[in-house]
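S.K.: Please find one structure pasted underneath; my questions will follow.
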Amino acid sequence: MQLAEPMTLMTDYALAALGVWLGLRTWRAAAPGSDPRRTWAAAFWAVAAAAALGGSAHGFAPYLSASAASLLWRATMLAIGLTSGLLLWAAARAVAPRGRRALALLGWAIVAEVAAYGVWVCAVDDDFSAAVLQYGGAMAIVLAIHLVLAARGRRGARWIAGGIVVSFAAAAIQQTGIAPHPRFNHNDLYHVVQMVGLWLLYLGARQAPGNRPPEEYVQ
């Protein structure tokens, strides 16, 4: 079997494997009940799904029909949207107490945004630029929140902020087309740098507060 982009497939699959593993470790670190770390675990698994789907779309492109390729690509885009939604929800839970009306409203706003993105991808335009805008906007919000939390001494916030900065650097590499070698293109380098960012996010997520009372949350 001749793969279309073997290195892109391998680095995507490596990113997916890392996401699965980090998700499992984060889930196991969570306290019983509604622990924010479970949201982080789900986000890592969504990253893994997006990477696995994207790698398959790149690597097996010559063997896919037009409809199958389109379906696989849109699934990749939807997984990216789900990732951003979960990261936004994790950030919302970091700054608002559970059981409060504001948190519920934030949750529904995130659901509405991800749903609107999904409709756009499936019915209007599935160009990757839509994912860049949606994911980039979400990451900017998450970064701003965790910079504030880091300034207030919240555990793990600096790691999360650092992970997002590295993720932005990875996205810049991908968008500018920086390629260190003809057989290691900008997508491949993006995946490797993104793995570093994912690891930093994991270090922060592991320290995320568990079932804390409302008075301990940032107001």
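Counted from 1, the sequence shown has number 95 at position 113 by our numbering; the numbering is strictly sequential.
Positions of the beta carbon are idealized from the N, C-alpha and C atoms, including for glycine.
These numbers come from a predicted model, not from an experiment.
Ordered along the chain, which non-local residues of its own chain (more than five positions away) have a Cβ less than 7 Å from that of Ala151?
M.R.: For this step, residue 151 is matched to residue 169 along the sequence shown. Val175, listed in sequence order.
S.K.: Residues in its own chain within less than 7 Å of Glu(-13) by CB, not counting five upstream and five downstream?
M.R.: Taking the first residue of the sequence shown as 1, we reach residue -13 at position 5. Apart from sequence neighbours up to five positions away, the residues of its chain that approach Glu(-13) with a beta-carbon distance below 7 Å are His40 and Gly41, ordered along the chain.
S.K.: For Tyr45, does the count of other Cβ atoms within 10 angstroms reach 16, so buried, or fall short, so exposed?
M.R.: As a working note, residue 45 is residue 63 in the sequence shown. By the beta-carbon neighbour count (other beta carbons within 10 angstroms, threshold 16), Tyr45 is exposed.
S.K.: Candidates Thr(-7), Ala30, Leu(-9) and Gln(-16): which alpha carbon is nearest Gly5's?
M.R.: Here the question's residue 5 lines up with position 23 in the sequence shown. The option with the nearest alpha carbon to Gly5 is Ala30.
S.K.: Where do the N-terminal and C-terminal ends of the alpha helix (DSSP H) with Gly63 fall, by residue?
M.R.: Locating residue 63 in the sequence shown gives position 81, counting from the first residue. Residues Ala48 to Val77.
S.K.: Would you kindly report the start and end of the unbroken alpha helix (DSSP H) that includes Ile92?
M.R.: Mapped onto the sequence shown, residue 92 falls at position 110. Ile92 -> alpha helix (DSSP H) spans Arg83 to Ala105.
S.K.: Which residues in the same chain have their Cβ closer than 6 Å to the Cβ of Met59, if we skip the five residues on either side of it in sequence?
M.R.: Taking the sequence shown and counting its residues from 1, the one referred to as residue 59 is at position 77. If the five residues before and after Met59 are omitted, its C-beta is found closer than 6 Å to the C-beta atoms of Val103, Asp108 and Ala113, all from its own chain and listed in chain order.
S.K.: Pull up the DSSP beta-bridge partners for Phe227, would you.
M.R.: No answer is possible for residue 227: the residues shown for the chain start at -17 and end at 201.
S.K.: Locate the alpha helix (DSSP H) running through Asp(-6), then write down its first and last residues.
M.R.: Along the sequence shown, read from residue 1 onward, the residue named residue -6 stands at position 12. Taken as a continuous stretch (DSSP letters only), the alpha helix (DSSP H) holding Asp(-6) covers Pro(-12) to Ala11.
S.K.: Go to Phe110, then tell me how far its alpha helix (DSSP H) extends in each direction, as first and last residue.
M.R.: Taking the first residue of the sequence shown as 1, we reach residue 110 at position 128. Taken as a continuous stretch (DSSP letters only), the alpha helix (DSSP H) holding Phe110 covers Phe110 to Ala133.
S.K.: Find out if the Cβ-Cβ distance for the pair Gly138, Leu182 is shorter than 7 Å.
M.R.: The residue you call residue 138 lines up with position 156 of the sequence shown. The residue you call residue 182 lines up with position 200 of the sequence shown. Taking 7 Å as the Cβ cut-off, Gly138 and Leu182 do not qualify as a contacting pair.
S.K.: Assign Leu131 to one of two classes, buried (16 or more other C-beta atoms within 10 Å of its C-beta) or exposed (fewer than that).
M.R.: Taking the first residue of the sequence shown as 1, we reach residue 131 at position 149. Around the Cβ of Leu131, a 10 Å sphere holds 16 or more other Cβ atoms; the residue is buried.
S.K.: Between Ile155 and the rest of its own chain, which residues show a CB-CB distance below 7 Å, the 5 nearest in sequence each way excluded?
M.R.: As a first step, residue 155 must be located in the sequence shown, where it is residue number 173. Only His168, Leu171, Tyr172 and Val175 meet the Cβ criterion.
S.K.: My output table needs one value for Arg20: the three-state DSSP class, helix, strand or coil.
M.R.: Here residue 20 is taken as the residue at index 38 of the sequence shown, counted from 1. Secondary structure at Arg20: helix, using DSSP grouped into helix, strand and coil.
S.K.: How would you call Ala32, buried or exposed, if buried means at least 16 neighbouring beta carbons within 10 angstroms?
M.R.: On the sequence shown, position 50 is the one that residue 32 refers to. Counting Cβ neighbours within 10 Å, Ala32 comes out buried, since at least 16 surround it.
S.K.: Which residue from Gly1, Arg20, Ala34 and Thr(-7) puts its Cα closest to that of Arg75?
M.R.: For the purposes of this step, residue 75 is taken as the residue at position 93 of the sequence shown. When each option's Cα is compared against that of Arg75, the closest is Arg20.
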